[in-house]
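Visitor:
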Amino acid sequence: MSMKKIKKIEMNCPICNQTHEVEERVRDAKVTIKDDVVTYKEKYYYCSNADEDENEFEPAMLVNVNLLNARNAYRRMHGLLTSDEIVSIRDAYGLSQVDLARLLGWGEATISRYESKAIQDEAYDTMLRIVKDNPLQVLDFLNQRSELFSEQKRDEIRTKIVEKVESFGKEYLTRRTLEGEYAVYGIPSDSNGFTLLNIDKLEAAISYIAEKVSNLFKVKLMKMLWYTDALSYKTHGHAVTGLVYKHDEMGALPVGHYSLMNLERLEVKEESSYNYDSMLHIYPTANMNYSILSNDDRDILDQVIKQFTNFNAKEIVEYMHQETAYTETKQGEIIPFELAKDIRAF
Ligand SMILES: [Zn+2]
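Under this note's numbering, think of the first position of the sequence shown as 47, with each following residue one higher.
(1) Please list, following the chain, all residues that have a C-beta closer than 5 Å to any non-hydrogen atom of ligand 1.
(2) Using beta-carbon positions only, say whether Pro-330 and Ala-251 come within less than 7 Å of one another.
(3) Using the rule of at least 16 other Cβ atoms within 10 Å of the residue's Cβ for burial, across every protein chain shown, is Ile-52 buried or exposed?
(4) By a C-beta neighbour count over all protein chains shown, 10 Å radius and 16 as the cutoff for buried, is Asn-335 buried or exposed?
(5) Just to confirm the assignment, what range does the beta strand (DSSP E) spanning Pro-300 have?
(6) Just how far apart, CA to CA, sit Asp-342 and Lys-280?
(7) Would DSSP call Met-325 helix, strand or coil?
(8) Taking C-beta to C-beta, are Thr-274 and Ile-381 nearer than 7 Å?
(9) How many angstroms separate the CA atom of Ser-318 from the CA atom of Ser-253?
(10) Under 7 Å, do Val-350 and Met-270 count as touching if we go by C-beta distance?
(11) Between Ala-359 and Val-265, is the Cβ-Cβ spacing less than 7 Å?
(12) Considering only residues of the same chain and omitting the five flanking positions on each side of Met-47, which have a CB-CB separation below 8 Å?
(13) Let me know the alpha helix (DSSP H) ranges lying completely inside the segment 339-385, each 4 residues or longer, listed in chain order.
(14) Measuring straight from C-alpha to C-alpha, what distance separates Met-123 and Asp-82?
(15) Runs of 3 residues minimum, wholly inside the segment 237-280: which ones carry the beta strand (DSSP E) assignment?
(16) Please list, in chain order, all residues of the same chain as Arg-221 whose beta carbon is under 8 Å from its beta carbon, the five residues on each side excluded.
(17) DSSP on Glu-154, reduced to helix/strand/coil?
(18) With DSSP as the reference, identify every bridge partner of Asp-145, one or two as the case may be.
(19) Looking at the unbroken beta strand (DSSP E) that takes in His-66, where does it start and where does it end?
(20) Hey, how far is the Cα of Glu-161 from the Cα of Glu-98?
This is how it looks when you write it as structure tokens:
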């Protein structure tokens with residue numbers, strides 16, 4: 047039992063029946079929710095006038111706060127939206143609890159329950175995330191169920207949708223395109239190195255490589271990304287980026303590589319080479335947030351950079367051609383991570 051902070055509140059104390067300052071205390075507590083033991087922050091009041099064995103109490107208001115904290119801890123543990131996150135999704139569109147439930151075709155009390163007491167199951171969570179991330183889908187929902195809203199309410203919601211699309215801007219659209227190409231790889235598998243596509247991490251990894259490798263062009267970058275994911279899989283049992291790679295004449299090539307190079311946050315310039323071919327030159331992104339890369343990720347990236355920094359595109363392609371992952375797969379086939387993990391030691 048660890049105590050974190052002490053706050054004093056004057057109240058009519060039910061333990062000693064006097065009006066005095068009681069301490070509000072917080073401790074780590076455990077509770078079982080749906081067969082999982084969850085650790086959460088429990089708040090309680092402490093009366094310093096009472097005996098040792100009966101000096102704590104939790105008024106009904108704190109019981110509710112604690113229940114909400116426990117459920118939110120369970121949600122975080124399972125990657126589900128917390129009650130506050132559900133409220134903020136609703137607020138972003140100016141929707142009441144009933145409005146959002148209607149928009150999604152759910153019972154009118156559903157959102158109210160998720161914001162106060164019940165834990166949403168995964169299918170409901172997925173729908174709420176779609177509302178959060180995809181205003182165009184919300185527009186579809188609104189059109190499908192328009193008869194459930196007054197004309198004025200429909201106009202208000204449409205205005206919010208347009209605002210959200212505009213604030214997302216071009217970056218939003220380029221990310222959606224790449225996400226669309228990865229929709230079929232939505233579960234961890236041998237194709238994606240048991241990692242779901244993480245565009246923030248992908249952008250950080252690319253900029254990280256570009257910081258340390260001068261003259262980084264597309265062909266070399268694609269190979270370096272594959273070696274990063276392959277080495278991470280070999281070392282830690284999971285890839286870094288979640289990219290899926292196919293066998294191409296020039297080695298491993300990620301699915302969606304055209305969209306990938308269009309990502310708004312990447313610093314890519316089209317330049318002409320000596321033979322007038324157009325080449326994509328990748329530069330580091332100013333102010334890129336690298337905190338999304340774990341120490342393990344950086345360690346893997348550093349090893350790959352050290353190995354290939356002086357290779358030109360032709361050399362890294364020829365090097366990759368020797369890998370089992372290449373010799374055991376055919377043109378256009380997905381390169382399984384089961385083979386990727388057999389890369390030669392650097
Ligand atoms: Zn007391």
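Where a beta carbon is used, it is the ideal one built from N, C-alpha and C, also for glycine.
In this text, all values refer to a predicted model and were calculated from it rather than measured experimentally.
Guide: Taking the geometry as given:
(1) Qualifying residues come out as Cys-59, Ile-61, Cys-62, Cys-93, Asn-95.
(2) As a working mapping, residue 330 is identified with position 284 in the sequence shown. As a working mapping, residue 251 is identified with position 205 in the sequence shown. Contact annotation: Pro-330 and Ala-251 have beta-carbon atoms that are not nearer than 7 Å.
(3) Numbered from 1 along the sequence shown, position 6 holds the residue referred to as residue 52. So Ile-52 counts as exposed.
(4) Working through the sequence shown from its first residue, we reach residue 335 at position 289. Exposed.
(5) Here the question's residue 300 lines up with position 254 in the sequence shown. Where Pro-300 is concerned, the enclosing beta strand (DSSP E) stretches over 297-300.
(6) Indexing the sequence shown from 1 puts residue 342 at position 296. Indexing the sequence shown from 1 puts residue 280 at position 234. For Asp-342 and Lys-280, the distance between alpha carbons rounds to 12 Å.
(7) By one-based count along the sequence shown, residue 325 stands at place 279. In this structure, DSSP gives Met-325 an extended state, which the three-state scheme calls strand.
(8) Within the sequence shown, numbered from 1, the residue matching residue 274 stands at position 228. Within the sequence shown, numbered from 1, the residue matching residue 381 stands at position 335. No, the Cβ-Cβ distance between Thr-274 and Ile-381 is not below 7 Å.
(9) On the sequence shown, position 272 is the one that residue 318 refers to. On the sequence shown, position 207 is the one that residue 253 refers to. Answer to the nearest angstrom: the Cα atoms are 21 Å apart.
(10) By one-based count along the sequence shown, residue 350 stands at place 304. By one-based count along the sequence shown, residue 270 stands at place 224. Yes, they are a contact pair.
(11) Against the sequence shown, residue 359 aligns to sequence position 313. Against the sequence shown, residue 265 aligns to sequence position 219. It is a contact, given that the beta carbons lie within the stated cut-off.
(12) For the purposes of this step, residue 47 is taken as residue 1 along the sequence shown, with counting starting at 1. With a pLDDT of 49 at Met-47, under the threshold of 50, the modelled position of this residue cannot be trusted, and the question is left open.
(13) Runs found: 341-354, 359-367, 370-373.
(14) As a position in the sequence shown, residue 123 is number 77, starting the count at 1. As a position in the sequence shown, residue 82 is number 36, starting the count at 1. Distance from the CA of Met-123 to the CA of Asp-82, rounded to the nearest whole angstrom, comes to 10 Å.
(15) If we require 3 residues or more, the segment 237-280 turns out to have no beta strand (DSSP E) run fully inside it.
(16) Counting from 1 along the sequence shown, the entry for residue 221 is found at position 175. Hits under 8 Å: Ile-245, Leu-309, Glu-310.
(17) Translated into positions along the sequence shown, residue 154 becomes position 108. Correct three-state label for Glu-154: coil.
(18) Against the sequence shown, residue 145 aligns to sequence position 99. DSSP links Asp-145 through a beta bridge to no other residue.
(19) What you label residue 66 is simply residue 20 of the sequence shown in a count that begins at 1. Where His-66 is concerned, the enclosing beta strand (DSSP E) stretches over 65-79.
(20) The residue you call residue 161 lines up with position 115 of the sequence shown. The residue you call residue 98 lines up with position 52 of the sequence shown. Taking the straight line joining both Cα atoms gives about 37 Å.
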